[in-house]
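Please read the structure below before turning to the comments.
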Amino acid sequence: MIPLLILTIGAADHEQLKPVLADGFLPVLQGAILPAGAFMNQLFILGWLLPYLNQPKKALKVSLYALLCIFIFVFFVVLTTILVLGSLTGQLNYSYLSVMQYIGIEGSFERLEAIAVMVWVIGSFVKVSVSLFIISLSISEIFGIRNYRDLVAPITLLCLIGSVWVFKNGAELQTYLTLIYPSGGFVTQSLIPLFLLLIDTIKRKAVPSAH
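Residue numbers (the working numbering): 420 to 630.
This is the structure:
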């Protein structure tokens, strides 16, 4: 993806960034609600993976490095997209994909969007796999099932059925991601985990004092 980001520099126009903060910080904060409430809090997924690390003591440092790398990468993707597309960025469902198509037309390379789609699909596959592992593990812990692997097949089948049944078309999915998921994701992926972490921290401090 780094060469793709470099190729966008040739098509970038710094005038697309103006005016900077024309309406103050409020629109910026409003625009941050969707990614902060719906997607950035998915970093809590790391909490399920930490017990399986061979060096748990380095988990905090590595997690912060991962968050920093994600922030830098997303920042440059959004920045280059705005530099190329300008005001069209917010009107497109897949704006960075449009940037790749534009570069392929203007430059000597064609079908560059295939690289972006390949990375996107691989990342989505890894994310779905990790999420499936977390769901299976959590259900096995709740109901006392010894081997979480026994739940993988039925949960996968339910996910396949749900992917077709829940949303009838792309418009319904887009409406859900824009209006419903940010608030729901903030509650389920940020507030509830933080609340459980707070309870666990209080219990850990209370038990030694009781003894």
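Don't be surprised by glycine CBs; every beta carbon is placed ideally from N, CA and C.
Note the first and the last residue of the continuous alpha helix (DSSP H) segment covering residue i.
{"i": "V503", "result": "478–504"}
{"i": "I425", "result": "421–426"}
{"i": "G509", "result": "That residue, G509, is in no alpha helix (DSSP H); it is neither H nor E in DSSP."}
{"i": "G466", "result": "465–468"}
Thinking C-beta only, is residue j closer than 8 Å to residue i?
{"i": "Q608", "j": "F463", "result": "yes"}
{"i": "A535", "j": "Y515", "result": "yes"}
{"i": "L504", "j": "V518", "result": "yes"}
{"i": "W467", "j": "L577", "result": "no"}
{"i": "Q593", "j": "N473", "result": "no"}
Pull up the CB-CB distance for residue i and residue j, whole angstroms please, since I reckon it's below 8 Å.
{"i": "L502", "j": "A431", "result": "4 Å"}
{"i": "P601", "j": "I452", "result": "6 Å"}
{"i": "L469", "j": "A478", "result": "5 Å"}
{"i": "L579", "j": "L423", "result": "32 Å between Cβ atoms; not a contact."}
Please indicate yes or no: does the CB of residue i lie closer than 7 Å to some heavy atom of the ligand ADP?
{"i": "L423", "result": "Absence of the ligand ADP is noted for the structure shown, with no ligands found whatsoever."}
Contiguous alpha helix (DSSP H) assignments of at least 4 residues, all confined to the region 557–615: Contiguous alpha helix (DSSP H) elements confined to the region 557–615 occur at 571–584, 589–594, 600–605, taking only those with 4 or more residues.
Validate contact between the region 570–583 and the region 541–554 using beta carbons, cut 8 Å, 3 pairs: Result yes; three or more Cβ-Cβ pairs closer than 8 Å.
The region 421–437 touching the region 496–515, judged by at least three CB pairs closer than 8 Å: In this structure the region 421–437 touches the region 496–515; the number of beta carbon pairs closer than 8 Å is three or more.
At least 3 beta-carbon pairs within less than 8 Å: the region 583–593 vs the region 436–452: Cβ pair count under 8 Å is below three, so no.
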